[in-house]
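Line order of the protein sequences matches chains A and B. All residue numbers for the first sequence refer to numbering that gives the first Met the number 0, where the first residue is 0 and numbers rise by one. All residue numbers for the second sequence refer to numbering that gives the first Met the number 0, where the first residue is 0 and numbers rise by one. In this text, a Cβ means the ideal position worked out from N, Cα and C, and glycines have one as well.
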Amino acid sequence: MSAVNINKDSLKLQESLQQVTNETTVDSLVAANEDNTHMKMLNSKTKANLPHVAKAKTTAQIKTIAFFKTTIPPVFGILLFLAVWTLISHQQPVLPGPVSTWHSAAELFAHPFHQNSPDDQGIGWNILSSLQRVGLGFGLAALVGIPLGFIIGRYEFMSRMTAPVIGLLRPVSPLAWLPLGLLVLKAAGPAAIWVIFISSIWPMVINTAVGVSKVPQDYMNVAKVLNLSEWKIITKISFPYVLPYMMTGVRLSIGIAWLVIVAAEMLNGGAGIGFWLWDEYNASNYEHIIIAIFVVGIVGLLLEQILTVIANRFNYE
Amino acid sequence: MSKISNENISIKKLGKATNKITERYVHIEDVGMRFVTKKGEFEALKNINLSITQGEFVSIIGHSGCGKSTVLNLIAGLLQPTSGNLFCAGREISAPGPERAVVFQNHSLLPWLSCFENVFLAVERVFGSESKVQQEARTYAALDLVGLSHAIEKRPNEISGGMKQRVGIARALAMEPKVLLLDEPFGALDALTRAGLQDELMKIMQKSGTTAVMVTHDVDEAVLLSDRIVMMTNGPSATIGEILDVQLPYPRKRLELAEDKQYNHLRSELLKFLYERHAKKAA
């Protein structure tokens, strides 16, 4: 089995992600088409005065329908979620409901960057220190993972050589790496970065490798006929072709890094959103636990969105 | 129909050329090609012998799977023959190179580069010793030749299939190749676009006098563009069946030829070869 084969999961993820983006474009296309048909209808109206023209929808109507089609389901979903949450919090009084959480959040976000002591910082600081850790761990992973992916993808020997090791290490739970980090690095901070590094490196290695191994033979034939130098092949053919694959890897890696950070900080202490979550649990501020969950979710969503926007800029087809 | 042996090539465009190298500008000598597949060895080509004169336009026609693209890839140097030898301008063909430029069927333009950059990539490689201004001028000239001056900054996905193929042709011609190799260049285009591009290619080839080898399965295209048409038998172990000499005068006009006796005779010779003597069983 080659390293490329291991990638089935991340490829599947990648496909589903692409589907999501495709759907959004289809939506906008449909919207554009609706506008077009409407223009045609308007034309036929002025030209022929057909009797059934009265049935034609106006632009305003079409826009309203499109608006409700796209807005109603998510709003409905959120309302349902809040309803279920309220119901559960009534059954389990220890669990804060939406209203008390909302009030608590308003209070909390009134001063996001206050700083009384290392253990009593604003939520803004906690988010920033988590992001910093993720950035460091992920940055190191990219620095190592992307070139490694290029080498594995370019040479079959390397692919076969690394396949068993990658296959073995990739499914290991992120937190299993923490004791090793503590043992070698002898400090909690670097150990957390180590955990992020080792668990977020794989999607970048594997996706880059898959991209490199998939460069179409047609392009390589062009390179051969033009007699391009190895440097030109990399800069003009391999790298541009691999970029979208690489960006998918980067996106998956950031997602994993953000997943891991909460757990790592819970175990490690210090500042950070994960640490804060655990600290608030110990202090019996249960509203804050729920706020922390929302914050983690929203920041993760934002990271994902930003990377999707960046990735789409490299799509040439 | 007259079979024309390799030693007895009629030289039309360069009537006076008698030099061995210009007569055998592209020379294929007893070439065979075997592929190793999962099911065992497969002999794609055997005993291919062909000499192409400088300035000549030769088409290779045959049913799909007869190995005609393999012949082209052998001349391009993208494949190495398992037996026999190939020569271009007196030198053995051992690797691909810009002196044998290829126009690929699916255009093979790099989607992240503009039309200009796609052609420039080739110019830069072949004319690296010239100044940047000269290289750019060559790129503009090549794109102008195929009538694409207005779309040079567009990316391949922003232009039509016919325009993409024009860029492919411009890229190949910009290298000023000794031999232009066309692999079913218009196969993926609709009939009207195809006819337009055939006419333009004919003009360009007349102007430049470049030697060309084209793989096609379009009978009209072959007769219209070629000086000689090589008809291949069906694979496996495909080889050259017959060679048809096309002595229609240039410039050739599509509409006039439609009623031309000689044209229609050549056309029916091709059809007889393809559908009577070497008919392919329906798959």
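Compute the Euclidean distance between the alpha carbons of residue i and residue j, then round it to the nearest angstrom.
i	j	result
Phe272 (chain B)	Glu241 (chain B)	8 angstroms
Met204 (chain B)	Lys235 (chain A)	30 angstroms
Asp226 (chain B)	Val241 (chain A)	43 angstroms
Ala186 (chain A)	Trp111 (chain B)	46 angstroms
Leu168 (chain A)	Ile145 (chain A)	17 angstroms
Ser172 (chain A)	Ile197 (chain A)	10 angstroms
Ile292 (chain A)	Val298 (chain A)	10 angstroms
Lys252 (chain B)	Val178 (chain B)	25 angstroms
Leu301 (chain A)	Ile288 (chain A)	20 angstroms
Ala65 (chain A)	Ile71 (chain A)	10 angstroms
Phe185 (chain B)	Ile195 (chain A)	52 angstroms
Ala257 (chain B)	Val212 (chain B)	24 angstroms
Ala237 (chain B)	Phe34 (chain B)	13 angstroms
Gly271 (chain A)	Ser128 (chain A)	5 angstroms
Gly76 (chain B)	Ala94 (chain B)	5 angstroms
Ile205 (chain A)	Val183 (chain A)	27 angstroms
Ala194 (chain B)	Phe238 (chain A)	37 angstroms
Asn7 (chain B)	Thr69 (chain B)	Caution applies to Asn7 (chain B), whose pLDDT of 40 falls short of 50 and renders its modelled position unreliable; the model cannot decide the point.
Asp217 (chain B)	Ile233 (chain A)	37 angstroms
Glu157 (chain B)	Pro235 (chain B)	40 angstroms
Leu73 (chain B)	Asn233 (chain B)	18 angstroms
His26 (chain B)	Thr210 (chain B)	12 angstroms
Thr307 (chain A)	Ala256 (chain A)	16 angstroms
Pro294 (chain B)	Glu22 (chain B)	The structure shown does not extend to residue 294 (chain B), since chain B is modelled only from 0 through 282, so no value can be given for it.
Leu49 (chain A)	Ala59 (chain A)	Since pLDDT at Leu49 (chain A) reaches only 49, below the 50 mark, its modelled position is unreliable, and no value is offered.
Val145 (chain B)	Val211 (chain A)	33 angstroms
Val83 (chain A)	Gln90 (chain A)	11 angstroms
Determine the burial state of residue i: buried for a count of at least 16 other Cβ atoms within 10 Å of its Cβ, exposed for fewer.
i	result
Ala282 (chain A)	exposed
Leu269 (chain B)	buried
Trp230 (chain A)	exposed
Asp278 (chain A)	buried
Glu106 (chain A)	exposed
Gly76 (chain A)	exposed
Val57 (chain B)	buried
Asn117 (chain B)	buried
Tyr262 (chain B)	buried
Ser63 (chain B)	exposed
Asp182 (chain B)	buried
Phe156 (chain A)	exposed
Asn125 (chain A)	buried
Phe41 (chain B)	exposed
Gly208 (chain B)	exposed
Leu179 (chain A)	exposed
For chain B, is any of its Cβ atoms less than 8 angstroms away from the one on residue i?
i	result
Ile56 (chain A)	Looking at the sequence itself, residue 56 (chain A) is Lys, so the reference to Ile does not match. No, its Cβ sits nowhere closer than 8 angstroms to a Cβ of chain B.
Val224 (chain A)	yes
Lys235 (chain A)	yes
Val241 (chain A)	no
Asn220 (chain A)	yes
Asp372 (chain A)	The requested residue 372 (chain A) is not part of the displayed model; chain A covers only 0 to 316.
How is residue i classed by DSSP in three states: helix, strand or coil?
i	result
His264 (chain B)	helix
Arg23 (chain B)	coil
Met204 (chain B)	helix
Phe41 (chain B)	strand
Cys87 (chain B)	strand
Gly166 (chain A)	helix
Asp217 (chain A)	helix
Leu119 (chain A)	The question names Leu, but residue 119 (chain A) in the sequence shown is Asp. Correct three-state label for Asp119 (chain A): strand.
Phe108 (chain A)	coil
Ala257 (chain B)	coil
Ala100 (chain B)	strand
Arg132 (chain A)	helix
Under 8 angstroms between C-beta atoms, does residue i make it to chain A?
i	result
Gly96 (chain B)	yes
Arg124 (chain B)	yes
Leu188 (chain B)	no
Val166 (chain B)	no
Ala75 (chain B)	yes
Phe103 (chain B)	yes
Glu220 (chain B)	no
Leu109 (chain B)	yes
Ala100 (chain B)	yes
For residue i, go through chain C and note every residue whose CB falls closer than 8 angstroms to its CB, in chain order.
i	result
Ala121 (chain B)	Going by chain labels, chain C is absent from the structure shown, which instead holds the protein chains A and B.
The stretch 47-59 of chain B contacting the stretch 159-168 of chain B, beta-carbon criterion three pairs below 8 angstroms: no
Contact the stretch 251-265 of chain B vs the stretch 85-104 of chain B: 3+ CB pairs below 8 angstroms: no
Segment contact flag, the stretch 141-160 of chain A with the stretch 199-215 of chain A, C-beta cutoff 8 angstroms, min 3 pairs: yes
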